[in-house]
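Below is one structure; the comments refer to it alone.
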């Protein structure tokens, strides 16, 4: 009954007080867990040491057995009947004792495995679970289910057996690699040629000039029936001026750096071609107005 008021008083603390108490208790708990781990490791070390001592005694007895066997062989060779029988009996006794002690040492070492502080590790996991989930934490989740572990082990063994039975995928043959490399090389050649065409400024300028000349010819052919000699001459003069300026702009453009050439050609084309078309249109309009004024 005395623990109930104290529990209520702890639950009635404010949040800063709870944090303060938890901060004071957590280091102490970690220290205790560390001491528990050290004591458990010391205990396991003592067990392993005892097992090692027993094993050492067994090794000494095996050495005695070997000495006795050597003595027996020597005695057997020297005196055929008398000393060697007793030496063989002593060696047999040593062998039996050594086998018993070796079995005891092996069982001790096996009982101490694994050489880790299991209780301390479980306590740390328990503390972390309590800090994370509070009273909702279930300590049973820390204990491994032997049946579940056996199922996992069996599943791993089945998976390894299935992987061992599956045929390993074979890599491509030499002919396949050679064919694939040739196809990839041809693709790279096509890509390189395409990039070269895209960055060839001279070819792009020549194409621009050809398209400009075609547009000029089409415009002259469309404007010829509707205009007299004066309008045609004016349009031709304006177009020639525009062409001359375009050629000079292209010559100046080719002396500039490579990244600016494409943009400069586009600017020249967009600026002078509309001016040439507009000049021809104005000349034709002036001619028609003159004819209308004469009538």
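Numbering (full-length UniProt numbering), first residue to last: 1 to 295. Cβ coordinates follow ideal geometry from the N, Cα and C atoms, glycine included.
- Comparing alpha carbon positions, the residue from 89, 60, 59 and 61 closest to residue 73 is 89.
- The segment 148-225 contains, as complete alpha helix (DSSP H) runs of 4+ residues, the segments 174-199 and 201-223 (chain order).
- Straight-line measurement puts the Cα of residue 95 at about 35 Å from the Cα of residue 40.
- Taking the CA atoms as reference points, residue 201 sits about 21 Å from residue 215.
- The Cβ atoms of residue 19 and residue 109 do not sit closer than 8 Å to each other.
- Note that the segment 123-139 touches the segment 26-38; at least 3 beta-carbon pairs, one per stretch, sit closer than 8 Å.
- With the rule of 3 Cβ pairs closer than 8 Å, the segment 21-28 does not count as touching the segment 100-115.
- With fewer than 16 other CB atoms across the displayed protein chains lying within 10 angstroms of its CB, residue 174 is exposed.
- Contact check for residue 54 and residue 105: beta-carbon distance about 4 Å, within the 8 Å limit, so the pair qualifies.
- If you ignore the 5 residues before and after residue 137, its C-beta comes within less than 6 Å of the C-beta of 129 and 130, all in its own chain and listed in chain order.
- Rounded to whole angstroms, the separation of the alpha carbons of residue 172 and residue 179 is 11 Å.
- Collapsing the DSSP output to three states places residue 27 in a helix.
- Shown here for residue 45: not one same chain residue has a beta carbon closer than 6 Å to its own, the five before and five after excluded.
- In the DSSP assignment, residue 101 falls within the alpha helix (DSSP H) that extends over 83-112.
- With a threshold of 16 other beta carbon atoms within 10 Å, residue 278 falls short and is exposed.
- Taking C-beta atoms as the reference points, residue 51 and residue 98 fail to come closer than 8 Å.
- Contact annotation: residue 37 and residue 117 have beta-carbon atoms nearer than 8 Å.
- Within the model, the alpha-carbon separation for residue 119 versus residue 168 is close to 44 Å.
- Rounded to the nearest whole angstrom, the CA to CA distance from residue 103 to residue 17 is 58 Å.
- Shown here, residue 78 sits in a helix according to DSSP, grouped into three states.
- Inclusion of residue 68 and residue 85 in the CB contact set at 8 Å is not warranted, their separation being larger than that value.
- Our two residues, residue 189 and residue 211, have alpha carbons roughly 29 Å apart in a direct line.
- Note on residue 61: 16 or more other CB atoms within 10 angstroms of its CB, so buried under the neighbour-count rule.
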